[in-house]
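Undergrad:
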Amino acid sequence: MDRKAGLDVVRTAAISFVLLRHWWVAIEGYGPTSSILGNIAANGWLGVDIFFALSGFLVSRSFWTKNDAREFLVHRIARIVPAYFFCLLVIFAAPGVFMGDPAGASALEIVEHLFFLNDYTGSELIVAFWTLAVEMKFYVVAAGVFVILRGRKPTTIALVLAGLAFASIAARALEAAMLGDGIDYLLYFHNLRSPMHVSLDPLFLGASAGVLTLARTPSQSLSTAMVWAGTLGLFTLLASKQWMVVPGVMEVAAVPGAAGIFAALLVAGAAQSRSMPASRGFKRAAELTFAVYLVHMSTIPWAKGVMEFFQGSELAFTLFYLCATLMLAAILHAVIEQPARRYLLNRFSTSPQRMAAGS
17 MDRKAGLDVV RTAAISFVLL RHWWVAIEGY GPTSSILGNI AANGWLGVDI
67 FFALSGFLVS RSFWTKNDAR EFLVHRIARI VPAYFFCLLV IFAAPGVFMG
117 DPAGASALEI VEHLFFLNDY TGSELIVAFW TLAVEMKFYV VAAGVFVILR
167 GRKPTTIALV LAGLAFASIA ARALEAAMLG DGIDYLLYFH NLRSPMHVSL
217 DPLFLGASAG VLTLARTPSQ SLSTAMVWAG TLGLFTLLAS KQWMVVPGVM
267 EVAAVPGAAG IFAALLVAGA AQSRSMPASR GFKRAAELTF AVYLVHMSTI
317 PWAKGVMEFF QGSELAFTLF YLCATLMLAA ILHAVIEQPA RRYLLNRFST
367 SPQRMAAGS
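Following the working numbering, the residues of the sequence shown are numbered contiguously, the last one being 375.
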């Protein structure tokens with residue numbers, strides 16, 4: 017089995033949790049839940065931590081293989097920027113269609129997004145775009161870290177990366193303590209979730225796992241154990257309670273940190289384990305995850321209109337939300353994301369095998 021097949025499953029699970037989270041917020045808001053299924057839906061933001069751990073894992077292995085900061089950044093930019101910038105252009109040109117807000121986005125908000133500063137400015141043009149600002153800045157930081165640590169032992173590099181992850185957890189705990197009691201979700205999000213320096217732990221934990229497993233490939237039994245440990249840990253966090261309604265300092269610091277650890281275990285195990293399911297369906301879903309992430313929140317205003325038309329039918333909302341998201345994502349992937357990525361790699365990459373693959 018292709019070792020990437022396990023990561024296709026992880027990507028599919030991560031985007032499913034993100035879709036579920038924003039479906040829940042659109043239907044139920046930010047209030048408390050009263051069931052395990054409600055907890056899982058409300059805690060779907062943990063899907064972002066899975067994506068972060070996956071990005072960190074792949075980034076470390078990519079840089080380790082290339083050992084070239086420029087080549088590394090070319091691939092990251094080609095992966096994210098074209099489709100993202102196209103979405104910003106469309107949103108700016110037709111805000112009433114894609115934002116549900118006819119007033120639209122200001123030029124300043126667009127600039128903040130173009131320079132990946134929106135995780136700090138609090139812009140809510142499309143709330144989910146904060147993760148792209150974090151990831152792009154992480155790529156630059158990660159390239160610098162790997163250049164500085166070039167030639168060091170893998171265990172040393174992994175320990176430094178893990179140390180940076182725990183520094184992010186400590187920064188989050190310190191800022192939560194400074195904010196004091198009464199932190200609601202929106203305060204948590206804008207101060208303790210979206211800014212890069214307090215959300216780096218899953219990225220660096222994934223990167224640390226990537227270095228360790230590339231230097232010494234884990235056995236199949238260990239890989240499978242890592243998958244199970246990560247899965248059970250994440251499921252426990254998802255199902256046990258709704259964490260961030262009125263979070264305390266320990267929840268703010270520990271829950272995302274624990275999610276990062278479990279996600280890194282899951283990703284590192286899934287990359288090697290032959291027990292992960294493989295199918296064309298998972299592969300296709302994984303290829304669309306970035307496009308789905310970019311467009312899914314833009315369909316929510318439309319879906320609310322459909323729900324209102326059908327007299328408050330949550331089923332009508334759900335069907336439209338999923339179908340519109342998948343349709344727009346497939347178009348974005350085929351027309352913009354894939355061709356632009358292939359062009360940029362052919363134009364700027366020095367890795368022929370990557371250029372041919374367009375990956």
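All C-beta atoms in this analysis are idealised placements derived from N, C-alpha and C, irrespective of residue type, glycine included. As the structure is a prediction and not an experimental result, all values here were calculated from the model.
1) Quick check on this structure: which residue in Val308, Val283, Ile352 and Pro48 has the alpha carbon closest to the alpha carbon of Pro234?
2) Under 8 angstroms between the Cβ atoms of Phe13 and Leu177?
3) Does the beta-carbon distance from Thr28 to Ala301 come in below 8 angstroms?
4) Are Ile43 and Phe333 closer than 8 angstroms when you measure CB to CB?
5) Counting only the same chain and skipping the five closest in sequence on each side, list residues whose C-beta sits under 8 angstroms from that of Ala340.
6) Measure the beta-carbon distance from Val75 to Ala181 and round it to whole angstroms, keeping in mind my assumption that it falls under 8 angstroms.
7) Just checking, does the stretch 62–78 make contact with the stretch 213–227 on the three C-beta pairs under 8 angstroms criterion?
8) Using only CA atoms, which one of Val227, Ala187, Gly226 and Phe88 lies nearest to Arg209?
9) Which residues in the same chain as Leu342 place their Cβ atom closer than 6 angstroms to its Cβ, once the five residues preceding and following it in sequence are excluded?
10) In its own chain, which residues sit with a C-beta less than 7 angstroms from the C-beta of Thr366, not counting the 5 before and 5 after it?
11) For Ala96, is the classification buried or exposed, using 16 other Cβ atoms within 10 angstroms of its Cβ as the cut-off for buried?
12) What is the DSSP secondary structure of Asp84, reduced to helix, strand or coil?
13) According to DSSP, is Val163 part of a helix, a strand, or is it coil?
14) Tell me the start and end of each unbroken alpha helix (DSSP H) in the stretch 26–112 that is at least 4 residues and wholly inside, in chain order.
15) Hey, how far is the Cα of Leu195 from the Cα of Val271?
TA: From the atom records:
1) Closest by C-alpha distance to Pro234, out of Val308, Val283, Ile352 and Pro48, is Val283.
2) Past the edges of the chain, shown from 17 to 375, lies residue 13, and the structure says nothing about it.
3) For Thr28 and Ala301, yes; Cβs fall inside 8 angstroms.
4) Yes.
5) Excluding sequence neighbours, Ala340 sits near Thr315, Trp318 and Ala319.
6) Their Cβ separation, rounded to whole angstroms, is 13 angstroms, which puts Val75 and Ala181 out of contact at 8 angstroms.
7) Because the criterion of three Cβ pairs below 8 angstroms is met, the stretch 62–78 and the stretch 213–227 touch.
8) Put simply, of Val227, Ala187, Gly226 and Phe88 the residue whose alpha carbon is nearest the alpha carbon of Arg209 is Ala187.
9) So no residue of the chain qualifies.
10) The residues are Glu87.
11) One detail in the question is off: residue 96 reads as Ile in this sequence, not Ala. Result: buried.
12) Here Asp84 sits in coil by DSSP.
13) For Val163, the secondary structure class from DSSP, reduced to helix, strand or coil, is helix.
14) Whole alpha helix (DSSP H) segments, 4+ residues: 52–58, 62–82 and 85–109.
15) Distance from the CA of Leu195 to the CA of Val271, rounded to the nearest whole angstrom, comes to 18 angstroms.
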